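K.L.:
After the structure tokens below, expect a handful of questions from me.
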Amino acid sequence: MKKVYIKTYGCQMNFYDSEKIKALLIKNGYKIVESPEESDIIAVNTCCVRKHAEDRALSFLSSYKHLKKQGKVFCLLGCIASLYKEDIYKKHNFIDIVCSPDNYNQLHKILQIPGKEKICHTEENKNPFISEGIISDSHISSFVSITKGCENFCSYCVVPFTRGKLISKQPEVIHREIEHLVETGVREVVLLGQNVNEYGKDIGETFTELLKKIHNIKGLVRIGFLTSHPKDIQDSLIILFKDLPKLYRHLHLPLQSGSDRILGQMNRRYTISQYVEIIDKVRKVAPDIAITSDIIVGFPSETEDDFQKTLQTIKDIKFDDLFVFKYSPRPLTSASWIEDDVPEGEKERRHRTILEAQEEISIKRNQGLIGTTDNVFVLKPADKKSGYMLGKSSTNKPVMFRSSHSTPGTFEQVTFSSADRRYLYGCSVSGHKEV
Ligand code: 5AD
Ligand code: SF4
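Numbered according to this note's numbering, the sequence shown spans residues 2 to 436.
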């Protein structure tokens with residue numbers, strides 16, 4: 002029985018993929034081990050959306066190069082495999098196998114091939130999904146991917162080149178996958194796609210219809226989804242924040258920049274005023290909804306004036322949380338042809354400035370909930386605080402609350418007594434409400 006160690010870097014999609022790969026390998030007679038030393042095959046699965054993730058993953062793999070003498074096989078998985086293909090061997094000759102996300106469903110066969118030949122599987126695949134069900138780590142919550150790929154070609158983004166064309170999973174397949182998870186004890190799913198709003202375009206389905214169907218699954222009590230694109234947000238989706246009680250009242254809607262000029266250069270296909278209009282609509286339907294976003298600072302040609310527009314926009318919109326990235330040029334993208342002309346120190350300053358502004362906004366928004374009571378979904382005992390449980394508010398915010406009797410996977414009525422940037426803190430009041 003071959004033993005495989007898999008280290009994962011990057012986004013939720015990558016973590017989900019690794020879990021699917023593990024299920025596939027286990028079903029085909031492999032054993033998943035917890036350390037590179039005890040493995041026969043050391044695999045790293047990484048995204049390459051920013052150079053930083055790529056560098057970390059390759060340096061992790063390189064740090065085990067000395068184990069090559071023991072006959073261990075080195076395997077590179079993830080978007081990085083599609084991006085560099087065979088070229089990876091030129092710089093990292095110790096790597097034996099390169100396999101892109103489209104070819105994961107063949108990985109059990111690919112890993113079996115013995116010998117000294119380098120193996121590279123990076124071709125596109127019309128049926129890229131792994132059918133084996135995940136064995137969920139937490140048994141309470143699980144990711145479920147609903148699409149593969151993206152064809153939006155935002156000018157900075159490498160994903161259309163690494164994950165290829167948009168392919169949607171059939172609704173019945175998603176349904177079965179979730180039912181299987183629920184049978185194993187999962188109570189919450191987070192649906193994943195590069196742009197979930199485009200789900201079904203290729204198979205005559207829509208994301209809103211999919212959500213409604215999933216909402217009917219008995220035993221499933223919470224549903225989240227990531228990521229949405231402002232150009233594709235449908236009114237029929239917005240209304241579901243009111244109509245589907247299992248749906249977290251949370252929308253992750255990447256803004257990227259507060260300057261229309263930069264948004265144009267990024268090929269995002271919306272303006273700030275259109276973005277703000279969506280936020281207004283969403284908040285009208287669900288006034289307490291949590292809205293989070295992504296920002297890129299230091300995109301080529303971003304001036305101080307463009308940056309100030311972004312800063313002002315985040316102060317006006319008041320997101321609940323924000324992920325801020327420094328622009329990182331990526332091979333093949335159209336932005337990589339434009340000079341990366343914002344100096345690193347300036348990117349750093351803009352990054353810090355946005356984070357500091359957001360910190361204040363996040364704290365204020367969380368503290369605004371003090372004194373309210375919410376139906377909190379219980380996840381697990383909190384590692385850091387004994388006597389406390391970790392859960393999620395109905396707006397998908399992390400909650401730490403004092404309780405001696407809460408069961409993971411159920412709900413607890415919690416009154417919030419304090420809050421910081423990350424957590425809402427509170428105490429469970431007796432009794433719980435079903436969704
Ligand atoms: N540089 C910096 N950030 C990027 N992102 C995507 N590509 C890049 C890049 N080249 C960010 C975007 C996206 C998030 C997942 O990663 O903000 O929404
Ligand atoms: Fe990348 Fe844009 Fe597609 Fe998101 S929508 S994955 S940012 S190309």
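Glycine included, C-beta positions come from ideal geometry on N, C-alpha and C.
The model shown is predicted, which means the values in this text are computed figures rather than measured ones.
Can GLY194 and SER146 be called in contact, C-beta distance under 8 Å?
P.N.:
Contact flag set, yes.
K.L.:
May I ask you to list the residues that DSSP assigns as paired with THR416?
P.N.:
DSSP lists THR374 and CYS428 as partners of THR416.
K.L.:
Give me whichever residues DSSP pairs with ASP295 in a beta bridge.
P.N.:
According to DSSP, which records beta bridges pairwise, ASP295 is partnered with PHE324.
K.L.:
Give the C-beta separation of PHE417 and LYS393 to the nearest angstrom, bearing in mind that I take them to be a contact with Cβ-Cβ under 8 Å.
P.N.:
The Cβ separation is near 13 Å, so there is no contact.
K.L.:
Give every residue whose Cβ lies closer than 6 Å to any heavy atom of the ligand SF4, listed in chain order.
P.N.:
Here the list is CYS151, ASN153, PHE154, CYS155, CYS158, VAL160, PRO161, GLN195, ASN196 and HIS230.
K.L.:
What are the boundary residues of the beta strand (DSSP E) that ARG403 is part of?
P.N.:
Looking at the DSSP string, the run of the beta strand (DSSP E) that includes ARG403 is 399-403.
K.L.:
So, PHE226 versus PHE144, is the Cβ gap smaller than 8 Å?
P.N.:
Cβ atoms of PHE226 and PHE144: not closer than 8 Å.
K.L.:
DSSP puts GLY392 in a beta bridge; with which residues?
P.N.:
Answer is VAL379 and VAL400.
K.L.:
Quick one: grab the DSSP three-state call for ILE136.
P.N.:
Looking at ILE136 - three-state DSSP - the assignment turns out to be coil, as it is neither helix nor strand.
K.L.:
Since ILE296 and LEU323 should fall inside the 8 Å C-beta cutoff, what is the C-beta to C-beta distance between them, to a whole number of angstroms?
P.N.:
That belief holds up - the Cβ atoms of ILE296 and LEU323 are roughly 6 Å apart, short of 8 Å.
K.L.:
Tell me which residues share the same chain as PHE326 and place their Cβ nearer than 6 Å to its Cβ, disregarding the 5 neighbours each side in the sequence.
P.N.:
Excluding residues within five positions, the ones whose Cβ falls inside 6 Å are ILE297.
K.L.:
I want to check one thing, is the minimum distance from the CB of PHE75 to the heavy atoms of the ligand 5AD below 7 Å?
P.N.:
PHE75: no, Cβ never under 7 Å from the ligand 5AD.
K.L.:
Pull up the distance between the alpha-carbon of LEU77 and that of ASP281, whole angstroms please.
P.N.:
Rounded to the nearest angstrom, the two C-alpha atoms are 44 Å apart.
K.L.:
Looking at the structure shown, is ILE27 part of a helix, part of a strand, or coil, going by DSSP?
P.N.:
Here ILE27 sits in helix by DSSP.
K.L.:
Just the C-alpha distance for GLU87 and VAL400, rounded to the nearest angstrom, thanks.
P.N.:
Straight-line Cα distance between these residues: approximately 46 Å.
K.L.:
For the ligand 5AD, is there a heavy atom less than 7 Å away from the beta-carbon of PRO255?
P.N.:
Under cutoff, so the answer is yes.
K.L.:
I'd like to know whether the C-beta atoms of SER1 and ARG57 end up nearer to each other than 8 Å.
P.N.:
Because the chain is modelled from 2 through 436, residue 1 falls outside the range shown and cannot be assessed.
K.L.:
At a threshold of 7 Å, does ARG270 count as lining the ligand FMN (C-beta to nearest heavy atom)?
P.N.:
The ligand FMN is absent from the structure shown, which contains only the ligand 5AD and the ligand SF4.
K.L.:
So, for SER142: in the same chain, excluding its five sequence neighbours on each side, which residues have a beta-carbon less than 6 Å away from its beta-carbon?
P.N.:
Hits under 6 Å: GLU189.
K.L.:
Between MET14 and the rest of its own chain, which residues show a CB-CB distance below 6 Å, the 5 nearest in sequence each way excluded?
P.N.:
Excluding sequence neighbours, MET14 sits near LEU193.
K.L.:
At 4 residues or longer, what runs of the alpha helix (DSSP H) sit wholly inside the segment 240-318?
P.N.:
DSSP runs (the alpha helix (DSSP H)) wholly in the segment 240-318: 241-244, 261-266, 273-286 and 305-318.
K.L.:
Could you tell me the boundaries of the beta strand (DSSP E) in which HIS406 lies?
P.N.:
Element bounds for HIS406: n/a, residue is neither H nor E.
K.L.:
Which residue marks the beginning of the beta strand (DSSP E) containing SER146, and which one marks its end?
P.N.:
Counting along the chain, the beta strand (DSSP E) containing SER146 begins and ends at 142-146.
K.L.:
Any C-beta of chain B sitting closer than 8 Å to the C-beta of GLY259?
P.N.:
Among the chains of the structure shown, chain B does not appear; only one protein chain is present.
K.L.:
Pick out whichever of LEU256, ASN198, LYS219 and LYS202 has its Cα sitting closest to the Cα of VAL187.
P.N.:
Of the listed residues, the one whose Cα sits closest to VAL187 is LYS219.
K.L.:
Pick from VAL99, VAL5 and THR396: whose alpha carbon is nearest that of LEU252?
P.N.:
Selected option, being the one with the closest Cα: THR396.
K.L.:
Can you name, in chain order, every residue of its own chain whose Cβ lies under 8 Å from the Cβ of ILE7, other than the five neighbours on each side?
P.N.:
Excluding sequence neighbours, ILE7 sits near SER19, ILE22, LYS23, ILE33, ALA44, VAL45, ASN46 and LEU78.
K.L.:
Of all the beta strand (DSSP E) runs that stay within the bounds of the segment 40-90, which reach a length of 3 or more residues?
P.N.:
You should have 42-46 and 74-78.
K.L.:
If I measure Cβ to Cβ from VAL159 and keep anything under 8 Å in the same chain, skipping five residues before and after, which residues do I get?
P.N.:
Cβ neighbours of VAL159 beyond the five flanking positions: CYS49, VAL50, CYS80, LEU84, ARG331, PRO332, LEU333 and THR334.
K.L.:
Does the ligand 5AD have a heavy atom nearer than 7 Å to the CB of TYR328?
P.N.:
Checking the Cβ of TYR328 against the ligand 5AD gives yes.
K.L.:
Are the CB atoms of LYS73 and SER40 within a distance shorter than 8 Å?
P.N.:
Going by C-beta atoms, SER40 is nearer than 8 Å to LYS73.
K.L.:
Tell me which residues share the same chain as TYR426 and place their Cβ nearer than 8 Å to its Cβ, disregarding the 5 neighbours each side in the sequence.
P.N.:
Hits under 8 Å: VAL400, MET401, PHE402, PHE417, SER418, SER419 and ALA420.
K.L.:
Taking 7 Å as the cut-off, is the CB of ASP295 close to at least one heavy atom of the ligand 5AD?
P.N.:
The answer is yes for ASP295.
K.L.:
Along the chain, where does the beta strand (DSSP E) that runs through GLY225 open and close?
P.N.:
First-last of the beta strand (DSSP E) with GLY225: 223-227.
K.L.:
State yes or no: is the C-beta of ARG422 nearer than 7 Å to some heavy atom of the ligand 5AD?
P.N.:
ARG422 Cβ: outside cutoff for every heavy atom of the ligand 5AD.
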